[in-house]
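Residues in the sequence shown are numbered consecutively from 10, following the numbering used here.
Note that beta-carbon positions come from the ideal geometry of N, C-alpha and C, so glycine has one too.
Remember, it's a predicted structure, so these values are computed and weren't measured experimentally.
So the structure is just underneath, and the comments pick up after that.
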Amino acid sequence: MGPDQPQVKAAGVGLPRWPAGWHDMLQYHFFFEDMFVQARVFLTPSLEEHSLWIFDHATEKLVELENCNERLKQSEGSHLELSGPRLQILDGPGGGHVSMGKDINIEFKNKNVFSWLPAGQSSDAVIHRPDLELSMTYGGRTRLGRGYSKRYFGHYGPHWGYRFIQSSWLGGDKFLWTADATFRLGDGEAKYNYFKLLDKSGELTQADSRDTYQQDSEAFAMIDGKRFVASVTPLGEWLHDYKGGDTNSRMQLRYCRIRLDCGDAAPLEGYALNERCFGVLG
10 MGPDQPQVKA AGVGLPRWPA GWHDMLQYHF FFEDMFVQAR VFLTPSLEEH
60 SLWIFDHATE KLVELENCNE RLKQSEGSHL ELSGPRLQIL DGPGGGHVSM
110 GKDINIEFKN KNVFSWLPAG QSSDAVIHRP DLELSMTYGG RTRLGRGYSK
160 RYFGHYGPHW GYRFIQSSWL GGDKFLWTAD ATFRLGDGEA KYNYFKLLDK
210 SGELTQADSR DTYQQDSEAF AMIDGKRFVA SVTPLGEWLH DYKGGDTNSR
260 MQLRYCRIRL DCGDAAPLEG YALNERCFGV LG
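Here's what the structure looks like:
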């Protein structure tokens, strides 16, 4: 049940409680017409941190609203429900919310849910939700949008590195997520590549894992004899070192313009998050 054989999951199932593994990461990418919001919780045996930042198209600036190394508290409930000094996350059956008091509140509903075993994992499947339906209250306005969430947990270190491009705002009705990764380098090394393109009808176009890879600002795939190229142009950057104990990993998140060339078809354009992380977990 690897990336070449994704399993469709019920949209009404909530996320598992936190934490669930040696390394655990939860992330959200929220796309709106004039704004982007990223929220993330990152855990290793030696640290736990959470963050939230926005990119505003009007100002063309990235603003960090939260970056905290205090551990979030899981409720007694059966699904994920986290609370911190400011950040609150509920991800239960069918959807949930991400909020920071009265400053910002984002409600989301699940649509399509895909799951598979990442390379090197024998039991803990990753959970991808590429087309969340969103409603955000921020700055005295309510905005509607589309979003993405990923949750994975397991043993991915100590040495690792990956590149990831994701868009829920592509050509009006497409959703892209693609990765090029290596986990546990030199210690049961696991190579991990995928390229997934979903349309609003729920139809999934995907490359075989051996037929996709990434360069600095591009992702490539061959699907049914057609060449797909996703090219990103950065607009803003969030750079952070997860550093403590045996963990030392640098994460670079770039909010970007994206262009997807799809063989002979007309190119698709929109916005994306380009995520890169390399280093050590422990």
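query	result
With residue 13 as the anchor, note down where its beta strand (DSSP E) starts and where it stops.	Unbroken run through residue 13: none, as it is neither H nor E.
Whose C-alpha, out of 41, 77, 85 and 179, is nearest the C-alpha of residue 64?	41
What residues match up with residue 124 in a beta bridge as DSSP calls it?	16 and 136
Use the C-beta contact count for residue 76: other C-beta atoms within 10 angstroms, 16 or more gives buried, fewer gives exposed.	exposed
Starting from residue 266, trace the beta strand (DSSP E) in both directions and tell me its first and last residue.	256 to 271
Just the Cα atoms here: how many angstroms apart are residue 193 and residue 170?	9 Å
Which two residues bound the contiguous beta strand (DSSP E) that contains residue 58?	56 to 65
Just to check my reading of the structure: residue 166 and residue 289 have Cβ atoms closer than 8 Å, yes? What is that Cβ distance to the nearest angstrom?	6 Å
Using CA coordinates, which residue listed in 272, 127, 176 and 266 is at the minimum distance from residue 207?	176
Pick helix, strand or coil for residue 218, following the three-state DSSP scheme.	helix
What residues match up with residue 130 in a beta bridge as DSSP calls it?	Answer by DSSP bridge pairing: none, since residue 130 is not bridged.
Pull up the distance between the alpha-carbon of residue 199 and that of residue 126, whole angstroms please.	12 Å
Give me, in chain order, the residues of the same chain whose beta-carbon lies closer than 6 Å to that of residue 92; leave out the 5 immediate sequence neighbours on both sides.	82
Residue 193 by DSSP, collapsed to three states: which one?	coil
Near residue 237, what residues of its chain come up, given a Cβ to Cβ distance below 6 Å and the 5 sequence neighbours on each side ignored?	230 and 271
When you compare the region 274 to 284 with the region 247 to 255, are there three or more beta-carbon pairs, one atom per stretch, that lie closer than 8 Å?	no
Alpha carbon to alpha carbon, what distance is there between residue 62 and residue 30?	25 Å
Based on Cα-Cα distance, which residue from 267, 143, 34 and 268 lies nearest to residue 133?	34
Does the Cβ of residue 52 have 16 or more other Cβ atoms within 10 Å, making it buried, or fewer, making it exposed?	buried
Only counting the same chain, and skipping five residues up and downstream in sequence, which positions put a Cβ closer than 6 Å to that of residue 268?	240, 276 and 278
State the beta-bridge partners of residue 168 as determined by DSSP.	289
Could you check the C-alpha separation between residue 90 and residue 18 for me, to the nearest Å?	20 Å
Among the candidates 49, 153 and 123, whose CA atom is the shortest distance from the CA of residue 262?	49
Contact defined as beta carbons within less than 8 Å: I believe residue 187 pairs with residue 201. What is the distance between those atoms, to the nearest angstrom?	With a Cβ gap of about 11 Å, residue 187 and residue 201 do not count as contacting.
Could you tell me the distance, in whole angstroms, from the CA atom of residue 218 to the CA atom of residue 129?	14 Å
By a C-beta neighbour count over all protein chains shown, 10 Å radius and 16 as the cutoff for buried, is residue 273 buried or exposed?	exposed
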